[in-house]
Amino acid sequence: MELRFTDEERAFRQEVREWIDANLPADTRERMASGRTPTKAMQVDWQKRLYDKGWAVPHWKVEWGGQPWSAIKRFILSEEIQSTPAPTPLGFNCNMLGPVLIAFGTEEQKKHFLPKLASLDLWFCQGFSEPGAGSDLASLKCAAKKEGDHYIVNGQKTWTTLAQHADWIFLLVRTDPGAAKQQEGISFLLVDMKTPGITVRPIITIDGAHEVNEVFFDDVKVPVANLVGTENRGWDCAKFLLSNERTGQARVGASKERIRRLKLIAKEAPGGARPVMDDPRFRSRLTDVEVQLKALEMTTLRVLADENRQLSRGKPNPASSVLKIRGTELQQAISELYVMAAGPYGLAAPNDPEADGRNEPDIAQDWQTLAQATYFNWRKQSIYGGSTEIQKNIMAKAFLGL
Amino acid sequence: MELRFTDEERAFRQEVREWIDANLPADTRERMASGRTPTKAMQVDWQKRLYDKGWAVPHWKVEWGGQPWSAIKRFILSEEIQSTPAPTPLGFNCNMLGPVLIAFGTEEQKKHFLPKLASLDLWFCQGFSEPGAGSDLASLKCAAKKEGDHYIVNGQKTWTTLAQHADWIFLLVRTDPGAAKQQEGISFLLVDMKTPGITVRPIITIDGAHEVNEVFFDDVKVPVANLVGTENRGWDCAKFLLSNERTGQARVGASKERIRRLKLIAKEAPGGARPVMDDPRFRSRLTDVEVQLKALEMTTLRVLADENRQLSRGKPNPASSVLKIRGTELQQAISELYVMAAGPYGLAAPNDPEADGRNEPDIAQDWQTLAQATYFNWRKQSIYGGSTEIQKNIMAKAFLGL
Amino acid sequence: MDFDLSEDQRLLQDSLSKLLKDKYGFEQRKGYMASETGWSRDVWNAYAELGLLGMPFAEDDGGLGYGAVETMIVAEQMGRSLALEPFITTVVMGGGFLRHGATAEQRADLVPKIAEGKLLLAFAHTEVQSRFDLHDVATSAKKDGDGWVIEGRKGVVVHGDTADMLVVTARVSGARRDRDGIEVFLIPADAKGVSRRGFKTSDGQRAADITFDAVKVDAAAKLTGGLALVERVADETIAALSAEAIGCMEAAKDLTIDYLKTRKQFGRAIGSFQSLQHRAAEMMVCLEQARSMAMLAAMMASETNDAERRRNMRAVKVEIGRNARFVGQQTVQMHGGIAMTMEYAGGHYLKRLTVIENMFGDMDHHLAALSEEGGVFVAA
Amino acid sequence: MDFDLSEDQRLLQDSLSKLLKDKYGFEQRKGYMASETGWSRDVWNAYAELGLLGMPFAEDDGGLGYGAVETMIVAEQMGRSLALEPFITTVVMGGGFLRHGATAEQRADLVPKIAEGKLLLAFAHTEVQSRFDLHDVATSAKKDGDGWVIEGRKGVVVHGDTADMLVVTARVSGARRDRDGIEVFLIPADAKGVSRRGFKTSDGQRAADITFDAVKVDAAAKLTGGLALVERVADETIAALSAEAIGCMEAAKDLTIDYLKTRKQFGRAIGSFQSLQHRAAEMMVCLEQARSMAMLAAMMASETNDAERRRNMRAVKVEIGRNARFVGQQTVQMHGGIAMTMEYAGGHYLKRLTVIENMFGDMDHHLAALSEEGGVFVAA
């Protein structure tokens, strides 16, 4: 048991930090620091830089552009990116579809798609959830009928994040409606968003943002070559994909950055007699979140360090469900601290420099106007990617034998 | 809607306060104020004084010694008793068995028992729970077989509070093991604790106290005249009894007294640089509990004021489950504040002036040594009398229709 | 003590409830919100017809002489419907300043206009540095002959963009945070030197940032009462906001329960899952505790002992805030994604409750003040 | 970074686990607790044979030269069994003072005795006014020729009733709460002027109240290091207590899960109720977060940057405390009545966890200090 970073790991962190400082465009950094999501152009530009450096998909097999690194080293890179803050490589491409293709794809699919996923030459979105299939994903209805060398897809997906930016979508569809079990008869398809018959309709979330969409499929022709894995066995791909999702969800680096920023802000935040940071109650609440985040950081490292053993064990580390549950709770708690710091001026809705400015920028400070919007937006964290309730069901089943 | 106490109610409160001040023996008051339960002698003496005054069972029918008061007036009396603090009239006699006898008892039973219950000439304990029948009370096994003009009782009860003081016990027993439903075939019996075949075995709780007991019945002969209500319909009595239990469980007056005392203590409690009360974090926690208690006080009043309507509605007020859930939570929270105030000297186990003094009294201050014991003991609050989980089940069923 | 509504009160509740049912469907509300004012002049006129706008004023002044309980009833109904009109700013706040601080002449002039729906008021108080402290006022009022000159900037003036008159706090003497030297002025919104920039609030309602640049007002503009008047009206407003919050929570709870009964996952209504049942029960507990506090607020709104009133109102604000947050968050959580969208009422309740929580002091503000002042239960 | 145990560490864990399985059944433990010392001399000797008592000392001093990870392993196992012996007081605390503050001669004399199980130590520090402040010391040490005279009273000296030697903090100069002027003395428990009154702690263990009445000690009794030494040993102790807490929580969790699987109500195992399943899952989350912090504590126990070590150890204390409280309370709640009794282990875990939470500073103490000192993540 050696619980400190090695000199090599420390040196690597320094290298990453310096490289990011030298390569991250100032406007991207600024936008990220404000707490906004990056624009599409910023995301693409930054991921290309990471790709050129060989750092976009370090967790992939080396032959597909990965790095022969330990999990800890990958954690360091990811944490540095989050805590700069810089955009994280697109999860749909790098953490979801990429590993699925490496595990289940044909050689052609791998050769064609993997480099484009890593470089973000193609932007993928995820077509899993449906209006009637949320937590109960396996009850999905979106159907694909084989006709010759095509599938004809009909149905609807929802909560499709950033579909408005996407070039392609990976899709769970029902190919055998007569299968004995719900989980059977599902297939995993890759679909070009430009295919006729696809309609994307924005869903505006309560913070006013356009992040998610409904996607409608009306007789959409998809070449059979775009099937991933075996027909009717798409649930295997989905399960594999979902089980890869968890460590990333802790987002410790991003939360640390948000806290660091809040500490600076709260030192200046107008609070009547004194800055907000000088209120012992506010400070205690903030520190309390920091403490939990420190614990979560250690838990993340434990799960990562256990990764190899986990593979041979065939069972995830009991601590891995902790990451999603506490990680999202802490992100939500931090967003509440921002609301608290913002005070009455937090009532002003945010100015979006991208959109046709809803508010003039100097009504309140930028961070104040974003505080409540972010708080509202982040309520999603405990809902999507396996809600807290679903995570606890999983824990009760898998680890407690209940 | 008139949300203030009337002048008459205010005057009554003053009258009660003065009477208690004049009549409560000093040693009883002192023992109660220390946070200990009263001795048997103290309980009996005090209840007799209340009885003589006509205040032991004001909620009973007037013909049986009750008072023609509004629920609010009864609340005032009860709150004043709790917040003095003085012993509350014995719940088993006054809130549980008494109302059951008034509703279900024979004329002879009423005449014989009710005055003795009110005056505490007879001390009753409650024989409901069994080792296999806790939250699931209806699965009880303790059996009574009719033989001539007697029932022969065999079986075991547990968690029998203060059985060591009791003269009699009221008992749920299974009289028809072949009944179609669990709730059927149960009867409600009154049993003299001196009857041969009854053994009381103490259960020592984690705070070291002897409050509860196991009670064993070995061929115990109970006259058929001691059956309350109809044979095999004892569940009706039990349900009636349990539904009467709730408003009392909020114990707002007692909690207010504990908080008032804690404020005084914490002003003197050694806390390094300053008294504990001067720590803004401690003070905030304390105030936060006070706020919730204030809300609970209002909720209690609402439920009480709604009492008549409730009877005609035939359904309890939706707010009534709140009383048990929040009431016990707050009592537990207050006990945690005492632990916090006590600091390192709270590690000393309590001195019990009744028992053969486990610790010498001046190792730490009396309240410090009691803090953790009380905290441990009060964990029971959310378990007994319908656990928090059971309360929420009830709410989901009754009020939410889930 | 009696928690029942009188016949008249029940009538008031029913007629408003009927009106809102008719005029405040989700789609109708969306339309009002998208309009320039952010609320409906039509509905406002209907309120006037119902008598709501003259409710709290003395009959002698042209009002109905109703009390805090009636305000509670009305605000709760408006909360249920997430009504957008400036009822609280004009009638409760503006009305409060007129009732307690204006002269009989001013009331004779203004109250009938309010009651008819022809005059809107807003309270311009918060400044960039003041956070939630009512006594933190940098805006100045300097003597100018018989009148005054007002200079300063006020932010987050709720419904300040559509108000006809502004109730403005300004300092006539002392340092920025002194309790003495604060006065309250009644200023026409179109007075020379007043400039307003309207903006959206986080719950989609409207507010304004208002600059007072050497605004001259006459002597009568100064109301009587200073900071004590401000605190009194703030407390009356807290009572009304608390009732509005109860309406929001009640409606959000109903919406959630309905959803739990109808939404199916894993082949069964999600309301059959015990963890959600218990959460719903906890929601109910929170709602009842909050409701008790809204009643306490109505009772305390007219308390004449200032310290007693403030103390209780702080407790109200803390407890309403705590429970509103739980109910708002769980409304979204138990619905899942659907309540994250603008197209569903669930999320809008969370938003409105969040705004209410952050008006006139958040939980920590009042908890801190209350604990400094000795807590809720002070020695008698 | 590597979280795996080495072969030797695993061996240590296994052999201690075996020993405790053998010697620490619930009934056996009750017997030890009821004895005069409150723990088992037999088991203590078995620890000595296993080498546990010499573990942290340098090989040159007669120890095994083990580090904080080994201490963590041992304390965790002891926590699982609710072991009563003075391992932490003698080996971790007493040992810490000897390792960092004693001369080579003192160590040569004392360490072998400790390792053989023949010498027990206790740390006499807390005073009636000091609460959790390590620098709050009223007990005085006055120069007396070459030696010192100690005068004062120490309370809640854990295992102080059976200790052979006491490590005592006393003030040689300055005011009661000055950081300077505190020294640490090693005093035989039978020295003239030392009087002890043993008592039970709330978890059924033993402590003493100790008075020092003009106790004369020679110059060598003063260890080197003052308050910095005390803080260092306190942090090492927090690390060991945290590991013990993990053992308690783990065992309590296991006990609860077993109970959920076997206890039947309403005709089914209570573990089939989703609300209890989710609570058990939350317990698991708490346990894992606490475990992470116990590991952080082991890592930080040897950190040479004092501020860095203190900061992290405060975070550890807060997080262990929070999660220990949840796990302890829920162990009782999910069991129901049975865990409220002395005859069942569940409640004893709650009690031990509560005592650990209140040793060397409770959550609020460390949270306050940490937030005053700038928080967990300080600018690099």
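These protein sequences, in sequence, are chains B, S, X and G.
If you read the first sequence in the numbering used here, its first letter stands for residue 1, the second for the next number, and so on.
If you read the second sequence in the numbering used here, its first letter stands for residue 1001, the second for the next number, and so on.
If you read the third sequence in the numbering used here, its first letter stands for residue 2001, the second for the next number, and so on.
If you read the fourth sequence in the numbering used here, its first letter stands for residue 3001, the second for the next number, and so on.
Every residue, glycine too, gets a C-beta built ideally from N, C-alpha and C.
Since the model is a prediction, treat every value here as computed from it, not as a measurement.
Quiz item: Could you check where the beta strand (DSSP E) with B/SER187 kicks off and where it finishes?
Solution: 186–192
Exercise. Could you spell out where the alpha helix (DSSP H) holding X/ILE2246 opens and where it closes?
Key: It spans 2226–2262 - the alpha helix (DSSP H) in which X/ILE2246 sits, taken as one unbroken run.
Exercise. Work out the CA separation of G/LYS3351 and X/HIS2278 for me, nearest whole Å.
Key: 28 Å
Quiz item: With 16 other CB atoms within 10 Å as the buried threshold, where does S/ASN1359 fall?
Solution: Reliability fails at S/ASN1359, whose pLDDT of 48 lies under 50, so the model's placement of it is uncertain and no value is given.
Quiz item: Taking one C-beta from the stretch 3315–3329 of chain G and one from the stretch 3340–3355 of chain G each time, how about it: are there three or more such pairs within less than 8 Å?
Solution: yes
Quiz item: If you check the beta carbons only, do G/LEU3223 and G/ALA3163 fall under 8 Å apart?
Solution: A distance of 8 Å or more separates the beta carbons of G/LEU3223 and G/ALA3163.
Quiz item: What residues in the stretch 1268–1291 of chain S have a beta carbon less than 8 Å from any beta carbon of chain X?
Solution: PRO1280, ARG1283, SER1284, LEU1286, THR1287, ASP1288, GLU1290, VAL1291
Quiz item: Going along chain X in order, which residues have a C-beta closer than 7 Å to the C-beta of B/GLN372?
Solution: SER2202, THR2354
Exercise. Could you tell me whether any Cβ in chain X is nearer than 8 Å to the Cβ of S/THR1322?
Key: According to the sequence shown, residue 1322 of chain S is Val rather than Thr. Chain X, which has a Cβ nearer than 8 Å to the Cβ of S/VAL1322, makes this yes.
Quiz item: Can you find a C-beta in chain X that's less than 8 Å from the C-beta of G/SER3275?
Solution: yes
Practice problem: Please name the residues in the stretch 3119–3149 of chain G whose beta-carbon is closer than 8 Å to at least one beta-carbon of chain X, in chain order. | Solution: none
Quiz item: Near B/PHE104, what residues of its chain come up, given a Cβ to Cβ distance below 6 Å and the 5 sequence neighbours on each side ignored?
Solution: The answer, listed in chain order, is VAL228, GLY229, CYS237.
Quiz item: Which residue or residues does DSSP assign as beta-bridge partners of G/ARG3206?
Solution: Answer by DSSP bridge pairing, in chain order: G/LYS3200.
Self-check item: Through-space distance from G/GLU3236 to S/ALA1373, alpha-carbon basis
Solution: 29 Å
Exercise. Find the nearest neighbour of S/GLY1385 within the set S/VAL1173, S/LEU1402, S/MET1032, S/GLY1091, judged by alpha-carbon distance.
Key: S/GLY1091
Quiz item: Which residues in the same chain as S/VAL1191 place their Cβ atom closer than 6 Å to its Cβ, once the five residues preceding and following it in sequence are excluded?
Solution: ILE1169, LEU1171, VAL1222
Exercise. Look at the Cβ atom of S/PRO1099, then the Cβ atom of S/LEU1077, and state whether they are nearer than 8 Å.
Key: no
Quiz item: Tell me which same chain residues have a C-beta within less than 8 Å of the C-beta of G/ILE3257, skipping the five on either side of it?
Solution: Around G/ILE3257: GLY3271, ALA3280.
Quiz prompt | Opening and closing residue of the alpha helix (DSSP H) in which X/MET2165 lies | solution = Per DSSP, X/MET2165 belongs to no alpha helix (DSSP H); it is in the beta strand (DSSP E), 2165–2171.
Exercise. Output yes if chain G places a C-beta closer than 8 Å to the C-beta of S/LEU1347; else output no.
Key: yes
Exercise. Identify the contact partners of S/SER1335 in chain G, using a Cβ-Cβ distance below 8 Å as the criterion.
Key: Within chain G, no residue comes near S/SER1335; the closest Cβ sits about 11 Å away, beyond 8 Å.
Quiz item: If you compare alpha carbons, which of G/PRO3188, G/ASP3144, G/LEU3134 is closest to G/ARG3177?
Solution: G/LEU3134
Practice problem: For S/HIS1150, name the three-state secondary structure that DSSP assigns. | Solution: strand
Quiz prompt | Bridge partners - B/CYS125, DSSP secondary structure assignment | solution = B/ILE169
Exercise. Determine the contact status of X/GLY2336 and X/ASP2362, defining contact as a CB-CB distance below 8 Å.
Key: X/ASP2362 sits away from X/GLY2336, with the two beta carbons spaced by 8 Å or more.
Exercise. Helix, strand or coil for X/THR2090, going by three-state DSSP, please let me know.
Key: X/THR2090 carries a helical assignment under DSSP once its states are collapsed to helix, strand and coil.
Quiz item: Under a three-way DSSP split, which group does B/ASP356 fall into?
Solution: Interpretation of B/ASP356 is limited by its pLDDT of 43, a score under 50 that renders its predicted location unreliable; the figure taken from the coordinates is listed afterwards. In this structure, B/ASP356 counts as coil in the three-state DSSP scheme.
Exercise. Could you tell me whether the Cβ atoms of B/SER187 and B/GLU231 are closer together than 8 Å?
Key: yes
Quiz item: Below 8 Å between beta carbons: does that hold for G/PHE3395 and B/ARG260?
Solution: Because chain G in this structure spans residues 3001 to 3380, residue 3395 of chain G falls outside the shown range and cannot be described.
Quiz prompt | Among G/SER3035, G/GLU3027, G/GLU3007, G/VAL3074, nearest to G/LEU3241 - alpha-carbon criterion | solution = G/VAL3074
Quiz item: Do you know whose CA, among B/ARG274, B/GLN47, B/ALA133, B/LYS53, lies nearest B/GLN183's CA?
Solution: B/ALA133
Exercise. To the nearest angstrom, report how far apart B/GLU18 and B/TRP123 are at their CA atoms.
Key: Distance between the alpha carbons of B/GLU18 and B/TRP123 is about 28 Å.
Self-check item: First through last residue of the alpha helix (DSSP H) which encompasses G/SER3015
Solution: 3007–3023
Quiz item: Between the stretch 2289–2298 of chain X and the stretch 1291–1306 of chain S, do at least 3 Cβ pairs fall closer than 8 Å?
Solution: yes
Practice problem: Step through the CB atoms of chain S and report whether any lies within less than 8 Å of the CB of G/LEU3350. | Solution: yes
Quiz item: Taking Cβ to Cβ, would you say B/GLY327 is nearer than 8 Å to B/ALA250?
Solution: yes
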